[in-house]
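Just so you know, the sequences run in chain order A and B. Everything in the first sequence is counted per this note's numbering, starting at 1 for the first residue and increasing by one. Everything in the second sequence is counted per this note's numbering, starting at 101 for the first residue and increasing by one. Glycine residues also receive a C-beta, built at the ideal position from the N, C-alpha and C atoms. Comments concern the structure below.
2 protein chains.
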Amino acid sequence: MLKPEILDPQGQAVQRALPRLGFEGIADVRQGKRFELEVEGPVDDAALARIHEIAETFLANTVIEDFDVKVEAAEADAAAKAES
Amino acid sequence: MLKPEILDPQGQAVQRALPRLGFEGIADVRQGKRFELEVEGPVDDAALARIHEIAETFLANTVIEDFDVKVEAAEADAAAKAES
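Here it is, written out as structure tokens:
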């Protein structure tokens with residue numbers, strides 16, 4: 001996501017349009033990118049460090065963007081969990 | 101995010117570039133949009149229903165995209181929690 005101090009024209013455009021569409025009560029809108037990376041093998045510390053490096057050096061522009069790395073179970077696992 | 105059955109050329113371009121940058125072990129990459137909406141007042145069921153409607157009718161193209169609505173504490177609360 002863009003750093004808080006960076007102007008976000010896309011987010012502002014969305015925020016200005018919401019009242020015209022009848023949606024009130026939204027104080028701010030920020031827009032950013034989301035990447036989902038499917039990892040071969042376990043997501044251990046080494047894999048997480050590698051993904052953090054991929055995000056920092058390739059997926060995010062760290063001059064103007066902050067990024068966050070979160071681990072989510074793959075849909076298959078999630079579906080299995082949901083059923084068990 | 102684009103639905104699984106929809107081709108994601110941006111995600112594929114990232115995935116093809118990773119080995120050239122020395123990053124192995126990433127089986128798939130999907131790219132999508134992320135919006136952060138700051139809500140005035142409590143995020144109760146009514147606010148959540150409204151945000152779900154904003155996402156469905158305005159922020160996502162539900163013909164080709166799936167979306168997910170998650171509630172995250174605002175940075176200020178998170179910072180307060182982190183310190184407490």
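- For Ile-106 of chain B, the secondary structure class from DSSP, reduced to helix, strand or coil, is coil.
- In the structure shown, the three-state DSSP call for Val-143 of chain B is coil.
- It is roughly 38 Å from the alpha-carbon of Gln-12 of chain A to the alpha-carbon of Ala-46 of chain A.
- Gln-131 of chain B belongs to the set of residues whose beta carbon lies under 8 Å from a beta carbon in chain A.
- Taking the CA atoms as reference points, Gly-125 of chain B sits about 10 Å from Val-43 of chain A.
- By the rule that beta-carbons nearer than 8 Å mark a contact, Asp-28 of chain A touches chain B.
- In this structure, the CA atom of Ile-151 of chain B is about 8 Å from the CA atom of Val-169 of chain B.
- DSSP lists B:Val-129 as the bridge partner or partners of Leu-37 of chain A.
- The CB of Ala-147 of chain B comes closer than 8 Å to the CB of Gly-25 in chain A, given here in chain order.
- For Ile-154 of chain B, the nearest beta carbon of chain A is closer than 8 Å to its own beta carbon.
- Here Asp-166 of chain B has Met-101, Lys-103 as same chain residues with Cβ atoms under 7 Å from its own Cβ, once five neighbours each way along the sequence are excluded.
- In terms of Cβ geometry, Glu-38 of chain A and Ala-74 of chain A form a close pair [threshold 8 Å].
- Look at the stretch 156-170 of chain B: the residues with a C-beta under 9 Å from a C-beta of chain A are Thr-157, Phe-158, Leu-159.
- For a Cβ distance threshold of 8 Å, residue set Gly-125, Ile-126, Ala-127 of chain B lies close to Val-39 of chain A, ordered along the chain.
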